[in-house]
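> Going line by line, the protein sequences match chains A and B. Numbering-wise (my numbering), the first sequence opens with residue 125 and increments by one. Numbering-wise (my numbering), the second sequence opens with residue 47 and increments by one. All C-beta atoms, glycine included, are put in the ideal place defined by N, C-alpha and C. Got a structure here, written out as structure tokens. Questions coming.
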Amino acid sequence: MTARTAPVPPGYLWWLAAGFLVWGSALVVVYAVHGIGCTFAWSTGPLRLGLALVLFAHLAVIGWIWHRLGGVDPSRDSGQTGVFLRMAAVWATIAAFATTIFTLGATPLLTVCL
Amino acid sequence: MSASVDRPPQRSPALRLHRQLAAIWATGPGLQRLAAVNHSVIGLRFMATAFIFFAIGGVLGMLTRVQLATPTADFMAPETYNQVFTMHGSMMLFLFAIPLVEGVAVYLTPKILGARDLAFPRLTAFGYWCYLFGATILTGALLAGVAPDTGWFMYTPLSSNVYTPGMNADVWLLGVTFVEISALAFAVEIIVSILKIRAPGMSLDRMPIFGWYMLITALMMVAAFPPLILGSILLEVERAFHLPFFDPTRGGDPLLWQHLFWLFGHPDVYIIFLPMAGVLSTIIPVLAGGPLVGYRAIVVAIIALAFVSFGIWVHHMFTVGIPHLALAFFSASSAIVAVPTAVQVFAWLATLAHGRPRWNVPMLYVFGFFFIFAMGGLTGVMLAMVPFDWQAHDSYFVIAHMHYVVAGALAFPMLAALYYWLPLLTGRMAMNQLSVPAFWLVFVGFNLTFFMMHLTGLRGMPRRIYTYSGDEGWNSLNLLSSVGGFIMTIGFALVVIDLLAQLRYGRRTRRDPWKAESLEWAMPIPPAPYNFASIPFVRAGPDRTAPEGLAASLARGEGYLGFVRNGWQETLGVHMTSGAPEQLIVLSRPTYLPFYTALATSVAVLAMLFQFYLSALAAALVVAGLLVLAGQSAGLNRDYGPLPVGQGVSVPPHTELKGSPPWWALIFTLIADGTLFVSLLFGTLYLWVSAPNWPPAQTFTPNLGLALAAVVALVAAATAARGSQRSISAGGMALGWIGLAAIGLVVVIAVVVGLISGIVPRPTEHALGATAAALLAYVTFHAGIGLLFLLSNLLRLRAGFLSSRRSIDPRLTRLWLDYTVVSGVIALGLVSALPALVRSLGT
């Protein structure tokens, strides 16, 4: 930080968590839809489609976060702190994307209610 | 009072300044110690108390090993054994591990971040007393023979009043919840302190890695503890008032308890591990003589770890009959959590590889950590695989894994930290003659004890059995395990002797014996109650926040706030990300209020325990009164405007700034509150979807008129609170607005109580009624707290603590009521919709 740089707004810290918050939402929604669908004996096809839609919608949101973080460069105004926080947010988002695929990627492919 | 600065005289400036600051910051002698709020005092008390419970818990563990050393032993009766192993687990987790982590954080965080204290000293003290009193209740129950006896995770229906009719389970539910209040207070305190109270110039990229670890740990606590608090409340309500949340015969489900417990329980492992990983990330670079490798990667890894640790709670429930698809993704989550953990481990190894490690006592324990934690981690990945888990579940393999992870992640880094920072506390170094053999005894004893449990587990020994017949092939392994336990205990006893000997005979050391260049070593040894005579400006970091020569300069008052003013306890508040000076934070002086408030809380808990419910209610009202009273002495009672803080900088006091610590504290409190509310919504929907005996024979027709009236009253109260804020900001008295808001809240309470009385089936008859009552009670409780906010506003307004500049109180009230409106609308909406949902989808 130098006197010439503008501080990174505190709200920017949310971006550190954004990707994983979406991953958490994906996990909970997939678990809930799956549980409700199996309990109330929904048809396999629509249930599988619903789970796939939930998964891809969340992946799309994480992808959008990744794209947005990649496009905005606060470092020009915010110095080293901006660079640090941006890079940390980008890598946390990439980690969230990979985690979503690894943990939930097989959901549309496996037997639904067993 | 004035805003002038009492500058230290020019002769012996360091000594004079020290005396002036010590007079303001010191805790008084004798009974005045009960009024202590200083973070160093409270942090040491936390750690000392935690070690006492570690000793008690350790003795209980040894008793179980004596019982299991040989087959058909009758050392303990089964009933006693149940209490002993339950209390061993509960004490080690709730009364030792978490409080120790809290103590380390309370003591070290301000010192490492260049602050004089934490943001809310009275809250720190309240948290400690809650912990002490809650822990004492649990220990007293053990001595009285009525300790919890259903295992440290209190599974229902065993812990319900049908199968555990005495007060044993109540002791756990009330005592542990009491301790959890302490943990939540700590979490909010630490988050706000790290974000807002650092040395100027310490931007987030310069923040020592310990700060990141503690910040993320505290955030995890804010989200992890509420589900268990909710579960404990619901189970206690079931036991005391027969509302069937977990009783399957009346629409409840025992698995709901497991979900709520493990939503806390699994992150808790990382809540214990991460601070110790912070300790390792601090110690290893110093002992390796080089900077920490991968600072940014570690920050990303702990963010990932924090989140993923929440998404794997179901792996504790792989055998309860969850659909296979869910098993698959929870298994995958449980495996991938090893990746961010491994990132940290490899960063530490790389740091060691790049430096010239010193083989001293702390490093020995670091080595012990690597060995044991790696083994625990590997067995963790094994257990994450569903087929293996099905074989090993509830066997001693799980006990072995848990001890390798939790004890490995906690005990060894803890002892490394103890030997590393003890010179800071005592000014003396350890004597290696005792320290080294003590380490090897602990290390060998630990592995002998717990490695054998892998083998007994794989040979089919179930956990929690109090004896065995002797023909299972477990005899020699169990005997070795018990022998190992005794060796480990001798090792720990030697550690205690070593530490006591160090206090008396250890070699005296000068400041910064490890050449660490971090801020906690840039202060007197042992630290003064104000930490820094003046607050440093951080120019580099995160490994070099305190370059050589800084300590003497700070002692001479050459940093920020190198003077005293008005007898205030002052520290600096900074911008959250950049670390630029932003506000002057005037902290609370020593007071007995935290002690009395915790005492009243413990009276309420004890009264609940003995089923004196009216007394419990009275004590709860006393607690509420004391909390309002505490507000009457907070802040400043006049406007000051910008005040000089040194280095040519002037900043306003925190009372005159919007982003002051109380504002952030309430935000994080509401996040915890919101987590509890979401857990309650989850519980309600879970029972509807999964519990047997749904739908009930009859359901109520929601009174939409009353529900709408409650919503209108809530919105009116929140709107009046906004009016109150505007009026005070304009210099008015706002009494009409405050009165209007209070009337709105009283109407809410009356209407919602009316709704509860109309619920069919009755809350004691079926879980539908019970969950509806719980949701409505949540709204009532928040409206009641809103009334306390308004009462406090009124009193503080009259006492002159509020003005157009000092308007934080009505802003806090508005925020609380906004939250109450949002949660109230959701709760009332769900209660109104649930009967229709049950009828349409549940049949």
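Using a Cβ-Cβ cut-off of 7 Å (strictly less than) and excluding sequence neighbours within five positions of V25/B, which residues of its own chain qualify?
It is not possible to answer for residue 25/B, since the shown part of chain B is limited to 47 through 889.
> Identify the contact partners of D251/B in chain A, using a Cβ-Cβ distance below 7 Å as the criterion.
Those within 7 Å of D251/B in chain A are Q204, T205, F208.
> Name, in chain order, the residues that DSSP records as bridge partners for L633/B.
DSSP lists Q615/B as partners of L633/B.
> Just list the residues that DSSP pairs V488/B with in beta bridges.
Answer by DSSP bridge pairing: none, since V488/B is not bridged.
> Just mark P211/B as buried or exposed, buried being the case when its beta carbon has 16 or more other beta carbons within 10 Å.
Its Cβ having fewer than 16 others within 10 Å, P211/B is exposed.
> Would you kindly report the start and end of the unbroken alpha helix (DSSP H) that includes P707/B?
First-last of the alpha helix (DSSP H) with P707/B: 707 to 736.
> Would you kindly check if the distance between the Cβ of E566/B and the Cβ of L154/B is under 8 Å?
It is a contact, given that the beta carbons lie within the stated cut-off.
> Using the C-alpha atoms, what's the distance from G595/B back to I330/B?
The straight-line gap from Cα to Cα measures roughly 23 Å.
> Could you confirm whether any beta carbon from chain B is found closer than 8 Å to the beta carbon of V146/A?
Not closer than 8 Å to any Cβ of chain B, the Cβ of V146/A fails to qualify, so no.
> Looking at A463/B and the ligand MN, is the gap between the Cβ and the nearest heavy atom below 7 Å?
Ligands in the displayed structure: none, and consequently the ligand MN is not present.
> Can you check which of these residues, L822/B, I158/B, L141/B, is closest to V325/B by C-alpha distance?
When each option's Cα is compared against that of V325/B, the closest is I158/B.
> For G357/B, would you say it is in contact with chain A, using Cβ-to-Cβ distances shorter than 8 Å as the test?
Cβ-Cβ to chain A under 8 Å: yes for G357/B.
> Please list, in chain order, the chain A residues whose beta carbon lies closer than 7 Å to that of R342/B.
Chain A residues near R342/B: F208, M211, A212.
> For G473/B, tell me which candidate among F489/B, V490/B, P570/B, T132/B has the shortest Cα-Cα distance.
The shortest C-alpha separation from G473/B is found at P570/B.
> Please report whether the beta-carbon of V132/A lies at a distance below 8 Å from any beta-carbon of chain B.
Chain B, which has a Cβ nearer than 8 Å to the Cβ of V132/A, makes this yes.
> Does the distance from the CB of S441/B to the CB of G677/B come in under 8 Å?
Contact: no.
> Output, in sequence order along the chain, the residues in the stretch 365 to 399 of chain B whose CB is closer than 7 Å to any CB in chain A.
Listed by position, the residues of the stretch 365 to 399 of chain B near chain A (Cβ gap below 7 Å) are P369, H370, L371, A372, A374, F375, A378, S379, I382.
> Can you tell me where the beta strand (DSSP E) with S696/B in it begins and where it stops?
Here the beta strand (DSSP E) through S696/B covers 695 to 697.
> Does the Cβ of T170/B have 16 or more other Cβ atoms within 10 Å, making it buried, or fewer, making it exposed?
Counting Cβ neighbours within 10 Å, T170/B comes out buried, since at least 16 surround it.
> Starting from M475/B, follow its DSSP beta bridges and name the residues at the other end.
M475/B pairs with R553/B.
> Decide if A743/B is buried, meaning its Cβ has at least 16 other Cβ atoms within 10 Å, or exposed.
Exposed: under 16 other Cβ atoms inside 10 Å.
> Going along chain A in order, which residues have a C-beta closer than 9 Å to the C-beta of F256/B?
In chain order: nothing, as chain A lies at least about 17 Å away.
> Give the DSSP-derived three-state secondary structure of P627/B in the structure shown.
Strand at P627/B.
> Excluding five sequence neighbours on each side, which residues of the same chain lie with their C-beta closer than 7 Å to the C-beta of F489/B?
Counting only Cβ-Cβ distances below 7 Å, and skipping sequence neighbours, we find G414.
> Does chain A have any CB closer than 8 Å to the CB of A644/B?
Chain A, which has no Cβ nearer than 8 Å to the Cβ of A644/B, makes this no.
> Would you give the residue range spanned by the alpha helix (DSSP H) that L241/B belongs to?
214 to 242 is the extent of the alpha helix (DSSP H) around L241/B.
> Relative to chain A, which residues along the stretch 616 to 642 of chain B have a C-beta separation below 7 Å, given in chain order?
Within the stretch 616 to 642 of chain B, the qualifying residues are H621, M622, T623, S624, G625, A626.
> Buried or exposed: which applies to R244/B, given that a residue is buried once 16 or more other Cβ atoms fall within 10 Å of its Cβ?
Counting Cβ neighbours within 10 Å, R244/B comes out buried, since at least 16 surround it.
> Give the straight-line distance between the Cα atoms of S50/B and G692/B, rounded to the nearest whole angstrom.
Low per-residue confidence applies at S50/B: pLDDT is 44, beneath 50, and the placement is therefore not dependable enough to give any value.
> Could you have a look at P508/B and say whether DSSP puts it in helix, strand or coil?
Note: P508/B maps to strand in three-state DSSP.
> If you drop the 5 nearest sequence neighbours on each side, which residues of the same chain put their C-beta closer than 6 Å to that of A213/A?
Same-chain partners within the cutoff: W139, L140, L193.
> For S441/B, which three-state DSSP category applies?
S441/B falls in the strand class under three-state DSSP.
> When burial is assigned at 16 or more other CB atoms within 10 Å of the CB, is Q66/B buried or exposed?
Buried, because 16 or more other Cβ atoms sit within 10 Å of the Cβ of Q66/B.
> Between I445/B and R509/B, is the Cβ-Cβ spacing less than 8 Å?
It is a contact, given that the beta carbons lie within the stated cut-off.
> Under a Cβ-count criterion, where at least 16 other Cβ atoms within 10 Å of its own Cβ denotes burial, should R553/B be classed as buried or exposed?
Label assigned to R553/B: exposed.
> According to DSSP, is P575/B helix, strand or coil?
Three-state result, P575/B: coil.
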